[in-house]
Each structure stands twice: as structure tokens, then as C-alpha cells.
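Heads up: the structure comes next, in C-alpha cells.
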Amino acid sequence: KNIITQTSQSAGWQKILVSVTNSDVDKKNSFEYVIYDPPTLTLTPKYPSSVNYGVDIPLTLTLDKTSFTPPQNLVIKLNSGRFTQTWELTSLLKQEQLTILLENPPLTSENKIVIEVKWQDDNQKSYSATQTIVILGKAQALGDRIKMFLNEIMLLFS
225 KNIITQTSQS AGWQKILVSV TNSDVDKKNS FEYVIYDPPT LTLTPKYPSS VNYGVDIPLT
285 LTLDKTSFTP PQNLVIKLNS GRFTQTWELT SLLKQEQLTI LLENPPLTSE NKIVIEVKWQ
345 DDNQKSYSAT QTIVILGKAQ ALGDRIKMFL NEIMLLFS
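Per the working numbering, the sequence shown starts with residue 225, numbered consecutively.
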């Protein structure tokens, strides 16, 4: 009785070739097996570094699967002081791009947006990643500067 142990560090489909040879037998067979890894992803936001008051803000989130095992039950949430946007994906098998246009947002001089991604593996184990982006608000006219200042005050109370 011989026991053969095969170890592998890389996730994905693997193949092992087994060969038995002696004076009575010459047999070869291959076996395929899979090694799962924890599901991981990368989040890449694309956004303007600054925007003028009264202008819409385009925001694109790119999600890339970086593991063999696909992330499942994804919830992507954008959260700023006065708005929340949520997307849900059943799984991430390939690159996904999510695009949002923040129409006439209540700009301040420094607009922080928290991007949170939560997902699970096949065993319902939870994973998450959070990233904060900052978009600077600019105002050309005195009236727009006053509105941005009032937005900052309103943000303190929300």
C-alpha cells in the first residue's frame, strides 16, 4: 500500500498523473481536482479630483475578481453625507463597471464619498473592503461660494 500526497499552493483546477508499473501491471491514469481560495476583488474608482459648483459628478467603479473563487452576493454602497447609492450583484465572474452620475450634488469644499463593498464565499463567510475618495468642490461666483458654505453647515447637522 502506497500513499501519495500532492500539495499545491495555487488555486484552480489541478491535474495529477498516477502511474503504476511492475512486471504484471503498467497502468497510467490522471485525476483532476480543484483548490479553492478565498474570494478577493479589487475596487478601482474613477472620478474627477475637483468639480465646479452646479456641475454633475461622473463616478465609475470598476470591480475585478482577483481570485479563482468568485465573490458571491456582492453589495456595493456609496455613502456621502446626504446620499446613499447601493448596487447588488449575485456574483463577480468578470470585470464589472458601475457608473453613476451625481446630478447637481450639494457640494462642499471637500466632498468625501465612502465606497463599501461586501461579499461572501460559497460557505456564506463574509468579506469586505472600504475606500474613501475626496472630490474638491470649487465655486466661481460669490453666490456659489455661499451655497457651498451653507451645504457644509447643513452637513454638520445631518
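Beta carbons are placed, not taken as given, at the ideal position from N, Cα and C, and that holds for glycine.
DSSP-derived helix/strand/coil call for residue i
{"i": "Leu327", "result": "Here residue 327 is Glu; the residue named in the question, Leu, does not match the sequence. In this structure, Glu327 counts as coil in the three-state DSSP scheme."}
{"i": "Asp422", "result": "There is no way to answer for residue 422, as the model of the chain reaches only from 225 to 382."}
{"i": "Asn197", "result": "Any question about residue 197 goes unanswered here, given that the chain covers just 225 to 382."}
{"i": "Asn347", "result": "coil"}
{"i": "Ile377", "result": "helix"}
{"i": "Thr354", "result": "strand"}
{"i": "Ile228", "result": "coil"}
Nearest to residue i (by Cα), restricted to the options the options
{"i": "Ile227", "options": "Ser234, Trp237, Val242", "result": "Val242"}
{"i": "Ser291", "options": "Glu312, Ser333, Asp345", "result": "Asp345"}
{"i": "Val299", "options": "Gly361, Ala353, Ala235", "result": "Ala353"}
{"i": "Gly305", "options": "Glu327, Glu312, Leu331, Leu325", "result": "Leu331"}
{"i": "Trp237", "options": "Ser350, Thr293, Leu374", "result": "Thr293"}
{"i": "Lys362", "options": "Trp311, Asp288, Gly278", "result": "Gly278"}
{"i": "Thr310", "options": "Asp280, Ile281, Lys342", "result": "Lys342"}
{"i": "Tyr260", "options": "Met378, Ala235, Val249, Pro272", "result": "Ala235"}
{"i": "Ser254", "options": "Leu317, Lys239, Asp288", "result": "Lys239"}
{"i": "Glu327", "options": "Gln364, Leu283, Gln233, Leu379", "result": "Leu283"}
{"i": "Ser333", "options": "Leu379, Lys318, Gln296, Lys289", "result": "Leu379"}
{"i": "Asn351", "options": "Val275, Pro262, Ile339, Ala365", "result": "Here the sequence assigns Tyr to residue 351, which means Asn is not the residue at that position. Here the closest residue by C-alpha is Pro262."}
Supposed close pair residue i, residue j - CB separation, criterion 8 angstroms
{"i": "Gln355", "j": "Leu267", "result": "6 angstroms"}
{"i": "Pro269", "j": "Ile324", "result": "About 11 angstroms separates the two Cβ atoms, so there is no contact after all."}
Completely contained beta strand (DSSP E) runs for the region 239-324, where each covers 3 or more residues
Runs of the beta strand (DSSP E) inside the region 239-324: 250-259, 265-270, 274-276, 281-289, 296-303, 308-315.
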